[in-house]
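S.K.:
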Amino acid sequence: MFNLNWIRKLIFWERDYGAQLAPAPMALRPVRATSPYGTSIWSVGGGKGGVGKSLVASNLALSLSKQGKKVLLVDADLGAANLHTFLGVEGGKGALSSFLKDEISDIGSLISKTPFPNLDLISGAKDSLDVADVRNAQVTRLREALKKVEYDYAVLDIGPGTSSNLLDMFLMGNEGIILSTPEPTTIENNYRFLKCLFLRKIKSIADSQEDGLLNGMLQKIFSDKWSQRVKTVADIVEQISMLDFDQGRMLKEDLAATSISMIMNQTKRNEDAEMGDSIRKACTDYFGMDIGYLGSVGYEETVSESVRLRRPLVMHYSASRAARSIEGCLEKLMNRANKTQPVTIQF
Ligand SMILES: Nc1ncnc2c1ncn2[C@@H]1O[C@H](COP(=O)(O)OP(=O)(O)OP(=O)(O)O)[C@@H](O)[C@H]1O
Ligand SMILES: [Mg+2]
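Residue numbering for the sequence shown is 2 to 348, as defined by the working numbering.
What follows is the structure in structure tokens.
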């Protein structure tokens, strides 16, 4: 096991994360949800750029489609949309950016067929769109629109970062998949991502309450007198429980209902792959959450070749170790998702 004590420092509450306590869209109360058509939304994201989010999002979507599932792949990376390149197709009819800018009202008009059976695509921004320019209401609108599409799965590739809009897009998913690499910088950014994500979620749970009780308690525990006691996300839950047992229990249940897992990509040594389990343990300790570890994908020349030649890995290099690892991660994710199937439809 690795000594990840240095991570402890990162988990402490930092004042700047107070930004996540800005009002969250009401419709994003993050209770496990499914659409009336049974579409499961999977969000692929994380705190760091260039780690393999688009590679994994596109290949997970392709693997699902190979299994006969009807899949919609959505390029929600507004800063650097490139899923079409991973699939080796042109940019498509329209772009998600025009939906988010309100230029297009029907998301269905942006869906393009791909050469792959069962897989359709919504391309990302044609010109990069600053995620900060997307209004909260548009994120809610996107979620509402995605629940109306008739697919088994919608897989979202979300750009790197911790801005509120990105976190809200990630929280749209029934399953959130965080991409990591063994680099300390990626791990550091992903811990920040997780911390901001849970804070964002706490805020959206609070905003979804009409009586404002939880918001009032949050204000109290972040007041100067109390804030010394609040160092981690788990501390917030504990302090809320001390103030009001039922609110604390509800918060714990809602937080636990977020299904988040991680894939360790670009591993080069056995120890790299083993880091996933250590990180999982650290998350349980500091966030009080179970972050599932789906497995590792090794660093392989075949991967760069598949991207360079625009020939998707799981289709054209299906016997490669990387393709088999991604399919192994998919299997674990499906098992995990099946175990925690939502019991209610909540939109
Ligand atoms: N397992 C791997 N082995 C070798 N190369 C890899 C592997 N995973 C990713 N790469 C390389 O890293 C590049 C970046 O991957 P990708 O575009 O999926 O990252 P990203 O996280 O989506 O980046 P961004 O944050 O910019 O959207 C790919 O073009 C690919 O060449
Ligand atoms: Mg990407």
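No residue lacks a Cβ here, since even glycine has one placed at the ideal position from N, Cα and C. Only a predicted model underlies this, so the values are computations on that prediction, with no experimental measurement involved.
Hey, Ser260 and Gly47: beta-carbon distance below 8 Å or not?
M.R.: no
S.K.: Is Ser319 near Asp153, with beta carbons less than 8 Å apart?
M.R.: no
S.K.: Would you mind giving the Cβ-Cβ distance between Gly160 and Ala81, rounded to the nearest angstrom? I have them listed as a contact below 8 Å.
M.R.: 7 Å
S.K.: Within the same chain, show all residues whose beta-carbon is closer than 8 Å to that of Asn216, passing over the 5 residues directly before and after it, in chain order.
M.R.: Excluding residues within five positions, the ones whose Cβ falls inside 8 Å are Ala207, Asp208 and Gln210.
S.K.: Assuming Met276 is part of the beta strand (DSSP E), what are its boundary residues?
M.R.: Per DSSP, Met276 belongs to no beta strand (DSSP E); it is in the alpha helix (DSSP H), Asn271 to Phe288.
S.K.: Strictly by DSSP, which residues pair up with Thr268?
M.R.: Gly299
S.K.: Any chance the CB of Lys102 is under 7 Å from a heavy atom of ligand 1?
M.R.: no
S.K.: Measure the C-alpha to C-alpha separation of Ser55 and His85 and round it to an integer number of angstroms.
M.R.: 10 Å
S.K.: Taking 6 Å as the limit between beta carbons, can you name the residues of its chain near Leu244, skipping five residues before and five after?
M.R.: For Leu244, where only same-chain residues beyond five positions count, the Cβ hits under 6 Å are Met218.
S.K.: Check Lys333 in the structure and name its three-state DSSP category.
M.R.: helix
S.K.: Cutting at 7 Å between CB atoms, please list the residues of its own chain near Asn1, excluding the five before and the five after it.
M.R.: Only positions 2 to 348 of the chain appear in the structure, and residue 1 is not among them; the question remains open.
S.K.: Does any heavy atom of ligand 1 sit closer than 7 Å to the C-beta of Tyr318?
M.R.: no
S.K.: Leaving aside the five residues before and after Ala324 along the sequence, list all residues of the same chain whose C-beta is less than 6 Å from its C-beta, in chain order.
M.R.: Leu314, Val315 and Tyr318
S.K.: Under the DSSP definition of a beta bridge, which residues are partnered with Ala155?
M.R.: According to DSSP, Ala155 bridges with Ile42 and Leu73.
S.K.: For Glu176, which three-state DSSP category applies?
M.R.: Of the three classes helix, strand and coil, the one that applies to Glu176 here is strand, per DSSP.
S.K.: How would the residue list near ligand 2 read, in chain order, if you kept each one whose beta-carbon is closer than 7 Å to any heavy atom?
M.R.: The set, ordered by position in the chain, is Lys54, Ser55, Asp78, Ala81, Asn83, Asp158 and Gly160.
S.K.: Confirm, please, whether the CB-CB distance from Val234 to Ile264 is below 8 Å.
M.R.: no
S.K.: For the candidate residues Pro183, Thr186 and Phe194, whose alpha-carbon lies nearest to that of Ser164?
M.R.: Phe194
S.K.: Which residues mark the beginning and the end of the beta strand (DSSP E) in which Leu122 is found?
M.R.: Leu120 to Ile123
S.K.: Go ahead and label Asn339 buried or exposed: buried means 16 or more other beta carbons lie within 10 angstroms of its beta carbon, across all protein chains shown.
M.R.: exposed
S.K.: Hey, is Val75 close to ligand 1, as in C-beta under 7 Å from one of its heavy atoms?
M.R.: no
S.K.: With distances taken from CA atoms, which of Met335, Gly89 and Lys67 is nearest Ser307?
M.R.: Gly89
S.K.: With DSSP as the reference, label Pro318 as helix, strand or coil.
M.R.: Per the sequence shown, the amino acid found at residue 318 is Tyr instead of Pro. Three-state result, Tyr318: coil.
S.K.: Here's the rule I'm using: 16 or more other beta-carbon atoms within 10 Å means buried, otherwise exposed. How should Leu334 be labelled?
M.R.: buried
S.K.: If you compare alpha carbons, which of Arg270, Cys330, Phe87 and Ser106 is closest to Leu143?
M.R.: Among Arg270, Cys330, Phe87 and Ser106, the Cα nearest to that of Leu143 is on Ser106.
S.K.: Would you call Asn60 buried or exposed, if buried means 16 or more other Cβ atoms sit within 10 Å of its Cβ?
M.R.: buried
S.K.: Glu145: which of Gly162, Asp169 and Leu122 sits nearest, CA to CA?
M.R.: Asp169
S.K.: Taking only heavy atoms of ligand 1 into account, decide whether any of them is closer than 7 Å to the Cβ of Leu122.
M.R.: no
S.K.: Give me, in chain order, the residues of the same chain whose beta-carbon lies closer than 6 Å to that of Gly53; leave out the 5 immediate sequence neighbours on both sides.
M.R.: Non-local beta-carbon contacts of Gly53 in its own chain, meaning distances under 6 Å to residues more than five positions away in sequence, involve Leu180 and Asn266 in chain order.
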